[in-house]
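>
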Amino acid sequence: MAFNQAFSLNSLDPSGLVNGNGGNVSSSDIMSAVGFTYQTCLSQCGSGTQNPTWSNISQQFGAWLLPYLALISQLPFGARHRVDNLMSAILTVGSPVLAGYSMILTILNANWISRRFEDLSFPNTKDAVRILISLQQSPLRITNEDSLLSSLVVLPQNDEWWPSIAGFLDYTHTWSIASVTSIAWVVIAYLLTVASSLSDVSSNINSNGQGTGSVWLWLIPIVIGWLQLSPKCDYARVSKAMDNADAMAFVATDHGVVIKASDLSERRAVSIDTDTENSSSNDEMLTPPVYNYARAISWSRSAEDVFNAFRIASNNAKLHRPVMISTTWMNSNRRNFIEPGNRKGNASEVNAYCRLPQYTVRSPWATDMFFRMFVASLLPLALQWATTGSAVIVVYLTPTVGLGCRSLGYLIYGALATVVWAMLVMSSILSHYAFSYSDRPRSPFSSTTLRLVKLASNLLRWGGKLVAIVNAIWIIAAGMLQFTDIYDNCYCNSSVLGRGAQYAYDIVLLDGVNLAPTKAAWFGALALAGSTSLGFIFYMSLLTDLVPI
69 MAFNQAFSLN SLDPSGLVNG NGGNVSSSDI MSAVGFTYQT CLSQCGSGTQ
119 NPTWSNISQQ FGAWLLPYLA LISQLPFGAR HRVDNLMSAI LTVGSPVLAG
169 YSMILTILNA NWISRRFEDL SFPNTKDAVR ILISLQQSPL RITNEDSLLS
219 SLVVLPQNDE WWPSIAGFLD YTHTWSIASV TSIAWVVIAY LLTVASSLSD
269 VSSNINSNGQ GTGSVWLWLI PIVIGWLQLS PKCDYARVSK AMDNADAMAF
319 VATDHGVVIK ASDLSERRAV SIDTDTENSS SNDEMLTPPV YNYARAISWS
369 RSAEDVFNAF RIASNNAKLH RPVMISTTWM NSNRRNFIEP GNRKGNASEV
419 NAYCRLPQYT VRSPWATDMF FRMFVASLLP LALQWATTGS AVIVVYLTPT
469 VGLGCRSLGY LIYGALATVV WAMLVMSSIL SHYAFSYSDR PRSPFSSTTL
519 RLVKLASNLL RWGGKLVAIV NAIWIIAAGM LQFTDIYDNC YCNSSVLGRG
569 AQYAYDIVLL DGVNLAPTKA AWFGALALAG STSLGFIFYM SLLTDLVPI
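Quick note, the sequence shown lines up with residues 69 to 617 if you use my numbering.
1) How many angstroms separate the CA atom of residue 253 from the CA atom of residue 554?
2) Enumerate in chain order the residues of its own chain whose CB-to-CB distance from residue 392 is below 7 Å, with the five nearest sequence positions on each side excluded.
3) Thinking C-beta only, is residue 305 closer than 9 Å to residue 239?
4) For residue 88 and residue 446, I'd like the C-alpha separation in whole angstroms.
5) Let's test the definition: count the other Cβ atoms within 10 Å of the Cβ of residue 564 and tell me whether it reaches 16, buried, or not, exposed.
6) Which value, in whole angstroms, describes the spacing of the CA atoms of residue 473 and residue 559?
7) Could you tell me the distance, in whole angstroms, from the CA atom of residue 619 to the CA atom of residue 295?
8) If you follow the beta strand (DSSP E) that residue 105 is in, where does it begin and where does it stop?
9) What residue from 380, 114, 262, 310 has the CA that sits closest to residue 587's CA?
10) Since I believe residue 144 is in contact with residue 357 (beta carbons under 8 Å), could you give me their beta-carbon distance rounded to a whole number of angstroms?
11) Beta carbon of residue 355, beta carbon of residue 205: below 9 Å?
12) Taking one C-beta from the stretch 357–375 and one from the stretch 177–196 each time, how about it: are there three or more such pairs within less than 8 Å?
13) Using a Cβ-Cβ cut-off of 7 Å (strictly less than) and excluding sequence neighbours within five positions of residue 426, which residues of its own chain qualify?
14) Which residue's Cα is closest to the Cα of residue 495: 349, 545, 374?
15) With 16 as the cutoff for other CB atoms within 10 Å, does residue 312 come out buried or exposed?
16) List the DSSP bridge partners of residue 318.
17) Any idea what DSSP makes of residue 87, helix, strand or coil?
18) Where in the stretch 206–246 do unbroken runs of the alpha helix (DSSP H), each at least 4 residues long, occur, reported from the N-terminal end onward?
19) Return the residue from the list 121, 138, 106, 92 that minimises the CA-CA distance to residue 544.
20) When the distance is taken between beta carbons, is residue 321 closer than 9 Å to residue 415?
21) Could you check where the alpha helix (DSSP H) with residue 151 kicks off and where it finishes?
22) Distance, Cα to Cα, residue 150 vs residue 533?
23) Take residue 119 and list the residues in its own chain whose beta-carbon comes closer than 6 Å to its own, dropping the five residues that flank it on each side.
24) In chain order, what residues of the same chain have a beta carbon less than 7 Å from the beta carbon of residue 229, not counting five sequence neighbours either side?
25) What separation, rounded to the nearest whole angstrom, lies between the Cα atoms of residue 537 and residue 158?
26) By DSSP's criteria, residue 339 is part of a beta bridge. Which residues make up the other side?
27) Just how far apart, CA to CA, sit residue 136 and residue 529?
28) Are residue 434 and residue 371 closer than 9 Å when you measure CB to CB?
29) Could you have a look at residue 539 and say whether DSSP puts it in helix, strand or coil?
30) Taking the C-alpha atoms as reference points, what is the distance between residue 308 and residue 217?
Encoded structure:
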């Protein structure tokens with residue numbers, strides 16, 4: 069039975085009727101009744117739901133949810149396999165905080181390595197920064213075996229390698245007509261539907277999509293942020309760039325003869341490792357930038373290795389120390405120019421110039437890595453809970469006020485999104501730790517510990533992805549449950565979860581209810597979600613302006 073019809077049949081009996089504040093009404097004040105208690109609702113209407121109307125479903129879905137689903141296509145992908153692209157979209161929807169964390173950590177790492185190279189005066193440092201920043205979406209590997217890295221940094225024969233590969237990687241995935249149109253569609257649709265709902269709060273109040281529109285609002289700053297950052301995540305293009313550079317790399321030998329690195333072995337000083345057996349995590353191999361959480365730690369360690377090689381070489385050059393021990397420094401007539409003759413030597417001399425032994429034992433953690441991870445977590449968490457909290461405020465303060473099915477659904481989404489982020493970030497820390505110590509001599513106890521750490525990392529990664537899949541499905545289903553009036557029943561409308569069955573009540577006649585607090589709450593929720601989203605976009609604009617991308 070419809071709620072309004074049931075209320076009309078029961079309106080002559082004051083028992084079970086309530087006023088706008090949930091208080092019982094007397095026979096003399098029966099005209100102030102606007103709803104009935106939860107128990108009365110069950111007896112009069114049953115525990116079923118209202119019959120949905122297709123016109124309302126299509127209108128609410130098209131206005132509040134469909135534009136966001138279309139905007140997902142503007143996320144950066146670029147993986148080798150389509151299933152990995154699909155999983156990256158699911159991870160983004162299932163955990164917006166993870167997507168924001170990967171984005172801000174990427175830009176913080178780029179700022180960090182760029183600032184470290186600023187004071188170095190050695191050939192190819194600017195191109196080195198550009199290359200390292202461009203390879204944040206790839207499983208970067210650095211090795212000095214056979215003097216590969218020190219030769220790449222020092223030898224003048226490699227002066228073509230650095231600008232060439234920087235040029236190969238100089239492509240952008242940024243603003244297009246499609247992306248601008250998609251973002252504009254979402255923004256305009258959101259503003260128009262918000263204006264419409266605020267002008268008539270009582271219309272379809274239980275199936276109104278204001279909460280759904282708010283809980284998805286994080287997608288706009290995430291898409292805009294990636295467009296600003298323009299990550300180099302096209303696996304085919306990055307792989308081709310690295311392959312093209314192989315023929316231009318030279319290496320010093322023990323006899324002082326410079327040969328092509330390709331004539332010595334298949335190893336390269338700077339490479340992309342696509343072998344999953346040699347990676348700390350399978351997610352590190354996947355190029356969509358949402359997976360940057362998995363490779364940020366290893367990338368930072370590799371980038372710092374390159375920086376240290378350039379730093380020590382730069383310090384030696386400032387002291388006018390040539391690579392070849394038996395020679396003297398050749399001065400140049402040009403400012404900030406090092407004569408090529410000062411940069412020639414055999415393998416041991418080149419290694420000594422960068423102070424890089426063949427196998428270097430160093431900390432697995434780059435400088436200030438955990439501080440950057442902490443900073444990268446703050447704004448994404450704020451964005452996640454500002455948009456989720458906005459949705460909760462909208463439905464929580466809509467009559468009947470209290471925690472109900474709709475608000476609980478949004479809280480579950482926000483909580484699971486945060487859990488996914490925590491699980492996957494912890495997985496990345498453990499996997500990098502296990503990988504960093506896997507090749508070092510260790511006792512049987514240490515071997516067992518590393519195996520347990522690796523197992524814990526895998527379990528966290530698999531579990532995090534599973535929760536993300538469930539959460540992505542859930543947030544779409546939650547919107548559809550609201551639009552199809554599945555929530556429009558006595559239990560959900562009476563906010564039994566928050567009030568308890570004894571004190572729960574269902575508001576039926578909104579004409580007798582003061583909706584000013586509800587309207588104010590909707591305005592406040594809009595301000596909360598909108599200001600946080602704008603703040604995220606502004607912060608990304610500031611950071612990207614500081615990086616030579």
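Note that the Cβ used here is the ideal one computed from N, Cα and C, for glycine as well.
Taking the definition as stated:
1) As a first step, residue 253 is located in the sequence shown; it is residue number 185 there, counting from the start. As a first step, residue 554 is located in the sequence shown; it is residue number 486 there, counting from the start. In a straight line, the C-alpha of residue 253 is about 28 Å away from that of residue 554.
2) The residue labelled residue 392 in the question sits at position 324 within the sequence shown. Within the same chain, residue 392 has close Cβ partners 412, 413, 417.
3) Stepping through the sequence shown from its first residue, residue 239 is reached at position 171. Stepping through the sequence shown from its first residue, residue 305 is reached at position 237. Their beta carbons are under 9 Å apart, which means residue 239 touches residue 305 by this criterion.
4) Within the sequence shown, the letter at position 20 stands for residue 88. Within the sequence shown, the letter at position 378 stands for residue 446. Roughly 40 Å separates the two Cα atoms.
5) As a position in the sequence shown, residue 564 is number 496, starting the count at 1. Buried, by the Cβ-count rule.
6) Counting from 1 along the sequence shown, the entry for residue 473 is found at position 405. Counting from 1 along the sequence shown, the entry for residue 559 is found at position 491. Taking the straight line joining both Cα atoms gives about 8 Å.
7) In the structure displayed, the chain extends from 69 to 617; residue 619 sits before or after that span and is not available.
8) Against the sequence shown, residue 105 aligns to sequence position 37. First-last of the beta strand (DSSP E) with residue 105: 103–105.
9) The sequence position of residue 587 within the sequence shown is 519, counting from 1. For the residues 380, 114, 262, 310, the minimum Cα distance to residue 587 belongs to 262.
10) To locate residue 357, count along the sequence shown from 1; it is residue 289. To locate residue 144, count along the sequence shown from 1; it is residue 76. That pair is a contact at about 5 Å.
11) Looking up residue 355 in the sequence shown gives position 287. Looking up residue 205 in the sequence shown gives position 137. A contact, by the Cβ cut-off of 9 Å.
12) yes
13) For the purposes of this step, residue 426 is identified with residue 358 of the sequence shown, where counting begins at 1. For residue 426, the predicted model reports a pLDDT of 48, less than 50, meaning its position is unreliable and no value from the coordinates is stated.
14) As a working note, residue 495 is residue 427 in the sequence shown. Per the Cα distances, 349.
15) One-based indexing of the sequence shown puts residue 312 at position 244. Residue 312 comes out exposed.
16) Locating residue 318 in the sequence shown gives position 250, counting from the first residue. Per DSSP, 328.
17) By 1-based counting over the sequence shown, the position of residue 87 is 19. DSSP places residue 87 in coil when its eight states are reduced to three.
18) 216–222, 229–236
19) Start at 1 with the first residue of the sequence shown, and residue 544 comes out as number 476. Closest option to residue 544, Cα to Cα, is 138.
20) Residue 415 sits at position 347 when you count from the first residue of the sequence shown. Residue 321 sits at position 253 when you count from the first residue of the sequence shown. Their beta carbons are under 9 Å apart, which means residue 415 touches residue 321 by this criterion.
21) As a first step, residue 151 is located in the sequence shown; it is residue number 83 there, counting from the start. Looking at the DSSP string, the run of the alpha helix (DSSP H) that includes residue 151 is 150–162.
22) Numbered from its first residue, the sequence shown carries residue 150 at position 82. Numbered from its first residue, the sequence shown carries residue 533 at position 465. If I take the Cα positions, the gap works out to 17 Å.
23) Residue numbering aside, residue 119 sits at position 51 when the sequence shown is read from its first letter. There are no such residues.
24) For this step, residue 229 is matched to residue 161 along the sequence shown. Excluding residues within five positions, the ones whose Cβ falls inside 7 Å are 220, 313, 316, 317.
25) Taking the sequence shown and counting its residues from 1, one reaches residue 537 at position 469. Taking the sequence shown and counting its residues from 1, one reaches residue 158 at position 90. Each residue's alpha carbon lies about 6 Å from the other.
26) Translated into the one-based positions of the sequence shown, residue 339 becomes position 271. 209, per the DSSP bridge assignment.
27) As a working note, residue 136 is residue 68 in the sequence shown. As a working note, residue 529 is residue 461 in the sequence shown. Near 27 Å, if we compare the C-alpha coordinates of residue 529 and residue 136.
28) Along the sequence shown, read from residue 1 onward, the residue named residue 434 stands at position 366. Along the sequence shown, read from residue 1 onward, the residue named residue 371 stands at position 303. Contact: yes.
29) Residue numbering aside, residue 539 sits at position 471 when the sequence shown is read from its first letter. DSSP places residue 539 in helix when its eight states are reduced to three.
30) In the sequence shown, residue 308 corresponds to position 240, counting from 1. In the sequence shown, residue 217 corresponds to position 149, counting from 1. C-alpha separation (whole angstroms): 21 Å.
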